[in-house]
Amino acid sequence: MIDRDAYVEKAKANIDKWNAEIDKMQANAKEAQADAKIKYEKQLAEMRKQREEAEAKMKEAQQASDAAWDDMHKGFEQAWDSLSESFQSAMKRFK
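Per this note's numbering, the sequence shown runs over residues 272 to 366.
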């Protein structure tokens with residue numbers, strides 16, 4: 272079983288990485304032509320939404336009691352994996 276603190280640290284590291292990717296994509300969007308800019312903005316909105324969902328899950332994990340964490344950790348892992356896959360998929364559309 273994964274330790275709650277380790278889960279939170281892993282989530283924070285991934286969110287920091289996602290923030291850097293969003294910032295890089297935002298810079299690219301500013302340089303893009305009008306039609307490409309619309310696509311960038313749409314993808315950026317999707318990525319930000321996924322990041323916000325991940326941050327919410329991380330906060331839930333931080334605030335969960337030890338007993339609740341024991342019951343919830345598998346659900347958190349599945350939710351995190353799904354968010355991570357969605358974020359990576361959105362990011363790949365930029366490359």
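The beta-carbon is built from N, C-alpha and C at its ideal position, and this holds for glycine as well.
When C-alpha distances from residue 357 are compared across 279, 289, 277 and 306, the shortest belongs to 289.
For a cut-off of 8 Å, the C-beta gap from residue 321 to residue 282 is around 13 Å, too long to register as a contact.
Here DSSP, grouped into helix, strand and coil, assigns residue 352 to helix.
Runs of the alpha helix (DSSP H) spanning 4 or more residues and lying entirely within the segment 273-335 occur at 275-302 and 305-334, in chain order.
About 6 Å separates the beta carbon of residue 364 from that of residue 314, a gap short enough to meet the 8 Å contact definition. 9 Å or more divides the Cβ of residue 355 from the Cβ of residue 299. Looking at the backbone, the Cα of residue 342 and that of residue 348 are separated by about 12 Å.
The beta carbon of residue 325 sits closer than 8 Å to the beta carbons of 282, 285, 286, 289, 351, 354, 355 and 358 from its chain, once the five residues preceding and following it are set aside; these are given in chain order.
For the 9 Å CB-CB criterion, residue 332 and residue 279 form a contact.
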